[in-house]
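Novice: Residue numbers (the working numbering): 71 to 508.
In this text, a Cβ means the ideal position worked out from N, Cα and C, and glycines have one as well.
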Ligand code: SAM
Ligand code: SF4
């Protein structure tokens with residue numbers, strides 16, 4: 071039996087795409103290799119959102135090359151879409167190049183390779199269908215990802231996603247709900263709804279629902295205990311989403327709402343389509359919710375034209391919102407994006423200085439916010455065990471990691487829900503003890 075191995079980089083969408091690709095290959099009679107060395111087909115699912123992604127892919131392919139020995143090598147994902155046929159020139163030992171919008175064609179492309187085709191490519195960005203497959207091979211038996219929307223119709227000046235994932239396409243709610251029900255029936259208790267911009271979801275069926283109605287329906291499925299979603303775009307994030315969270319405790323107490331900058335002029339140059347005030351209005355809705363909703367964000371520093379005063383606005387936004395967590399990045403110029411035409415480049419060393427200041431401030435906020443939870447009892451879903459520390463690893467509804475000790479006589483297993491009292495707080499995680507220990 072032929073074996074495949076898939077290595078994945080990047081966001082949750084890539085992780086889930088790899089689950090779907092793996093399922094597709096299993097359905098074609100392949101089996102999963104434990105190591106790249108055992109595989110007949112090596113797939114590399116790539117990300118090109120930041121840094122020198124293309125160079126990294128080529129140098130990783132060089133390492134793969136040594137393992138060729140008649141094996142087939144394929145490049146998937148954003149770098150595949152972005153570099154296209156150039157990959158065959160620069161890495162002639164690659165046989166397959168396929169962007170995410172063409173994954174529906176993978177069975178046909180792989181069948182071509184099996185028939186002896188030297189090179190096959192799926193680079194069409196205009197495919198009408200979203201990549202739906204009944205064969206997803208899920209990595210976790212407890213938490214499942216479901217794609218609700220593919221691609222992105224925004225045009226943020228720094229971002230390659232619209233070029234690598236193509237136009238936005240919502241999936242029919244009927245199909246999403248069917249998949250969610252099947253998952254609940256087979257024992258999954260947590261579902262994460264995925265898309266580059268889930269808040270602009272609109273069911274393509276006649277009279278179709280919006281995102282707020284969709285999450286309410288998914289949360290109503292019997293057997294599910296947690297439903298999360300990412301990523302929301304502030305421009306499309308409406309009050310009805312907060313109302314839906316208010317109405318159902320199954321919808322987790324966490325919203326990821328990337329802001330990117332606290333300065334109106336930088337937001338305009340980024341083409342983010344909202345102002346600081348509009349963003350703060352949405353934060354007000356979230357803070358006014360019945361349950362305490364944790365808010366996380368993404369920030370970019372050193373975007374072209376970002377002055378010291380603009381950066382000061384970003385720092386003041388952090389102070390004002392008090393985010394529960396933040397992913398922060400130095401602006402990275404990306405091929406084909408409109409930001410390449412902007413003047414006012416910020417020196418790398420200056421962008422690095424700003425990033426450090428921002429992260430230091432956020433670290434202080436997280437220490438303070440996490441400390442407020444000491445003494446509280448939180449429900450966690452058990453995600454694993456750390457044999458080095460003897461602690462179990464759990465995650466709260468607010469998406470905080472809570473490492474905890476539990477009586478050795480108590481049978482704990484992954485996927486279980488437990489009440490844990492928080493005893494200590496760090497900047498990035500909490501520590502606690504399962505309540506029956508106290
Ligand atoms: N669709 C999401 C949104 O609108 O926020 C996120 C997409 S992107 C994969 C995830 C994050 O990467 C962005 O929120 C942004 O902070 C960061 N990012 C994207 N392009 C970047 C670039 N060229 N330089 C630095 N950070 C970037
Ligand atoms: Fe990129 Fe903007 Fe689309 Fe997010 S909304 S994927 S940042 S273009």
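Excluding sequence positions up to five away, which residues of its chain have a Cβ less than 7 Å from the Cβ of residue 261?
Specialist: As a working note, residue 261 is residue 191 in the chain shown. These residues qualify, in order along the chain: 214, 216, 250, 253, 288, 294, 297.
Novice: Locate the alpha helix (DSSP H) running through residue 250, then write down its first and last residues.
Specialist: In the chain shown, counting from the first residue as 1, residue 250 sits at position 180. Residues 243-255.
Novice: State the DSSP-derived secondary structure class of residue 511, mapped to helix, strand or coil.
Specialist: The question about residue 511 has no answer here: the residues shown for the chain are numbered 71 through 508.
Novice: Hey, is residue 152 close to the ligand SF4, as in C-beta under 7 Å from one of its heavy atoms?
Specialist: What you label residue 152 is simply residue 82 of the chain shown in a count that begins at 1. No, the ligand SF4 has no heavy atom inside 7 Å of this Cβ.
Novice: Under a three-way DSSP split, which group does residue 139 fall into?
Specialist: By one-based count along the chain shown, residue 139 stands at place 69. It is coil, neither helix nor strand.
Novice: At what residues does the beta strand (DSSP E) containing residue 454 begin and finish?
Specialist: In the chain shown, counting from the first residue as 1, residue 454 sits at position 384. First-last of the beta strand (DSSP E) with residue 454: 447-456.
Novice: Comparing C-alpha positions only, which one of 506, 155, 441 sits nearest to residue 479?
Specialist: Here residue 479 is taken as the residue at index 409 of the chain shown, counted from 1. Minimum Cα distance to residue 479 is reached at 506.
Novice: I'd like to confirm something about residue 303: is its beta-carbon nearer than 7 Å to some heavy atom of the ligand SF4, or not?
Specialist: In the chain shown, the residue the question calls residue 303 occupies position 233. Correct: residue 303 has its Cβ closer than 7 Å to the ligand SF4.
Novice: Select from 412, 467, 133 the residue whose C-alpha is nearest the C-alpha of residue 106.
Specialist: Counted from its first residue, the chain shown places residue 106 at position 36. Nearest option by C-alpha distance: 133.
Novice: Out of 473, 451, 406, 467, which one is the CA nearest neighbour of residue 457?
Specialist: One-based indexing of the chain shown puts residue 457 at position 387. Minimum Cα distance to residue 457 is reached at 473.
Novice: So is residue 181 in contact with chain B if we call contact Cβ pairs under 8 Å?
Specialist: Absent here is chain B; the protein component of the structure consists of one chain.
Novice: Would you mind working out which of 228, 221, 157, 264 sits nearest residue 172, comparing C-alpha positions?
Specialist: Working through the chain shown from its first residue, we reach residue 172 at position 102. The option with the nearest alpha carbon to residue 172 is 221.
Novice: Can residue 333 be considered in contact with the ligand SAM, in the sense that its beta carbon sits closer than 7 Å to one or more heavy atoms?
Specialist: If you number the chain shown from 1, residue 333 lands on position 263. No; taking the cut-off as 7 Å, the Cβ of residue 333 has no heavy atom of the ligand SAM nearer than that.
Novice: Based on the DSSP output, what are the partners of residue 168 in its beta bridges?
Specialist: Numbered from its first residue, the chain shown carries residue 168 at position 98. Looking at the DSSP assignment, residue 168 forms a beta bridge with 146, 192.
Novice: Excluding the 5 residues preceding and the 5 following residue 421 in the sequence, name in chain order all residues of the same chain whose CB lies nearer than 7 Å to its CB.
Specialist: Start at 1 with the first residue of the chain shown, and residue 421 comes out as number 351. Cβ within range, chain order: 371, 372, 400, 401.
Novice: Which of helix, strand or coil does DSSP assign to residue 219?
Specialist: Looking up residue 219 in the chain shown gives position 149. Correct three-state label for residue 219: strand.
Novice: Is residue 363 closer than 8 Å to residue 324 when the C-beta atoms are compared?
Specialist: Your numbering for residue 324 matches position 254 in the chain shown. Your numbering for residue 363 matches position 293 in the chain shown. Contact: yes.
Novice: Along the chain, where does the alpha helix (DSSP H) that runs through residue 464 open and close?
Specialist: Your numbering for residue 464 matches position 394 in the chain shown. Per DSSP, residue 464 belongs to no alpha helix (DSSP H); it is in the beta strand (DSSP E), 461-466.
Novice: Measure from the alpha carbon of residue 74 to the alpha carbon of each residue in 110, 93, 359, then state which is nearest.
Specialist: Start at 1 with the first residue of the chain shown, and residue 74 comes out as number 4. For residue 74, the nearest C-alpha among the options comes from 110.
Novice: For residue 475, which residues does DSSP report across the bridge?
Specialist: As a working note, residue 475 is residue 405 in the chain shown. Its beta-bridge partners are 503.
Novice: Skipping 5 residues on each side, what residues in its chain have a beta carbon closer than 7 Å to that of residue 256?
Specialist: Locating residue 256 in the chain shown gives position 186, where the first residue counts as 1. Once the five neighbours on either side are set aside, residue 256 has no close Cβ partner at all.
Novice: Excluding the 5 residues preceding and the 5 following residue 465 in the sequence, name in chain order all residues of the same chain whose CB lies nearer than 8 Å to its CB.
Specialist: Residue numbering aside, residue 465 sits at position 395 when the chain shown is read from its first letter. 450, 451, 453, 471, 472, listed in sequence order.
Novice: Return yes when the C-beta of residue 468 is under 7 Å from any heavy atom of the ligand SAM, and no when it is not.
Specialist: Looking up residue 468 in the chain shown gives position 398. No.
Novice: In the DSSP assignment, the alpha helix (DSSP H) including residue 42 goes from what residue to what residue?
Specialist: Because residue 42 is not part of the residues shown, which for the chain are 71 to 508, the question remains open.
Novice: From the DSSP secondary-structure annotation, give me the bridge partner or partners of residue 280.
Specialist: Position 210 of the chain shown, counted from the start, is the residue given in the question as residue 280. According to DSSP, residue 280 bridges with 272.
Novice: Contact check, residue 428 vs residue 369 under 8 Å by CB: the rounded distance?
Specialist: On the chain shown, residue 428 is found 358 positions in, with the first residue counted as 1. On the chain shown, residue 369 is found 299 positions in, with the first residue counted as 1. Indeed, because the Cβ distance is near 6 Å, the residues count as touching under 8 Å.
Novice: The alpha helix (DSSP H) spanning residue 317 covers which residue range?
Specialist: Taking the first residue of the chain shown as position 1, residue 317 is located at position 247. Run containing residue 317: 309-317, per the alpha helix (DSSP H) assignment.
Novice: Name the one or two DSSP bridge partners that residue 365 has.
Specialist: Sequence index remark: in the chain shown, residue 365 carries index 295 (1-based). The partner list for residue 365 (beta bridge, DSSP) reads 325.
Novice: Grab the span of the beta strand (DSSP E) containing residue 398 for me, first residue to last.
Specialist: Residue 398 sits at position 328 when you count from the first residue of the chain shown. Unbroken beta strand (DSSP E) run through residue 398: 395-400.
Novice: Spell out the partners DSSP gives residue 297 in its beta bridges.
Specialist: Taking the chain shown and counting its residues from 1, one reaches residue 297 at position 227. Its beta-bridge partners are 261, 321.
Novice: Grouping DSSP H, G and I as helix and E and B as strand, with all else coil, what is residue 214?
Specialist: Numbered from its first residue, the chain shown carries residue 214 at position 144. Here residue 214 sits in strand by DSSP.
Novice: What is the rounded straight-line gap between the Cα of residue 430 and the Cα of residue 120?
Specialist: Locating residue 430 in the chain shown gives position 360, where the first residue counts as 1. Locating residue 120 in the chain shown gives position 50, where the first residue counts as 1. If I take the Cα positions, the gap works out to 22 Å.
Novice: In whole angstroms, give me the CA-to-CA distance for residue 86 and residue 244.
Specialist: The residue you call residue 86 lines up with position 16 of the chain shown. The residue you call residue 244 lines up with position 174 of the chain shown. Residue 86 and residue 244: Cα-Cα distance of roughly 20 Å.
Novice: For residue 426, does the count of other Cβ atoms within 10 angstroms reach 16, so buried, or fall short, so exposed?
Specialist: Mapped onto the chain shown, residue 426 falls at position 356. When all chains shown are included, residue 426 counts as exposed.
Novice: Starting from residue 116, trace the beta strand (DSSP E) both ways and give me its first and last residue.
Specialist: Stepping through the chain shown from its first residue, residue 116 is reached at position 46. 111-116 is the extent of the beta strand (DSSP E) around residue 116.
Novice: Using CA coordinates, which residue listed in 292, 299, 290, 235 is at the minimum distance from residue 281?
Specialist: Locating residue 281 in the chain shown gives position 211, where the first residue counts as 1. Here the closest residue by C-alpha is 299.
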